[in-house]
Amino acid sequence: MAVGVRVAVAVAVGDSGLLHVQLGIATASELRSHPRLGASWEGFVVEQVRTLLRAEGDECYFWRTEHGTELDLLVVRGRVRWGFEVKRTSAPKVTRSMHSALADLALDRLWLIHAGERSFPLGPKITAVSWLDLANRLAGSTAT
């Protein structure tokens with residue numbers, strides 16, 4: 011890996027309900043207007059991906075460079091590397107961070123999981139995956 015790149019085990023609250031209690035969020039309406047909605051969504055989706063892939067803790071990482079480029083979840087299984095970016099949007103798009111992650115981490119594939127209804131390719135090795143389609147896309151731990 012390049013100089014200045016850090017890979018660390020991700021620590022997140024895996025139970026979004028517990029997070030909501032800690033934040034004092036009691037209703038869906040409060041959640042939708044809460045400033046931590048994006049973080050809650052990200053933590054929830056990352057846990058779902060880990061569960062669907064049956065990924066062990068030592069296979070899962072959060073990646074961030076000293077320049078702020080980051081990836082929400084990096085799953086490494088042997089020589090296979092998958093990246094997952096989570097966005098609470100219905101109109102996902104490719105970012106410079108995604109291109110950096112693909113190159114710096116030599117990812118086999120990068121998945122952008124979003125809140126919209128459709129899944130579609132965003133570019134070579136990058137696929138926007140609807141939250142609704144996530145389980146189907148990751149079934150069988152192939153992430154293809």
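Residues 11 to 154 in the numbering used here are what the sequence shown spells out, letter by letter.
Backbone N, C-alpha and C define an ideal beta-carbon position, used for all residues, glycine too.
What you are looking at is a predicted structure, and each value in this text was computed from that prediction instead of being measured.
Boundaries of the beta strand (DSSP E) in which Leu120 is found, first to last residue
Arg119 to His124
Hey, how far is the Cα of Leu122 from the Cα of Gly88?
Their backbone Cα atoms lie some 22 Å apart in a straight line.
Distance, Cα to Cα, Asp143 vs Asp68?
26 Å
Residue range of the alpha helix (DSSP H) that includes Arg106:
Arg106 to Asp114
What did DSSP end up calling Glu66 once you bin it into helix, strand or coil?
coil
Through-space distance from Arg119 to Tyr71, alpha-carbon basis:
15 Å
Can you name the start and end residues of the beta strand (DSSP E) that Arg91 belongs to?
Val90 to Lys97
From Ala125 to Thr99, what distance separates their C-alpha atoms?
Going from the Cα of Ala125 to the Cα of Thr99 covers about 5 Å.
If you draw a straight line from the C-alpha of Ala111 to the C-alpha of Ser39, how long is it?
35 Å
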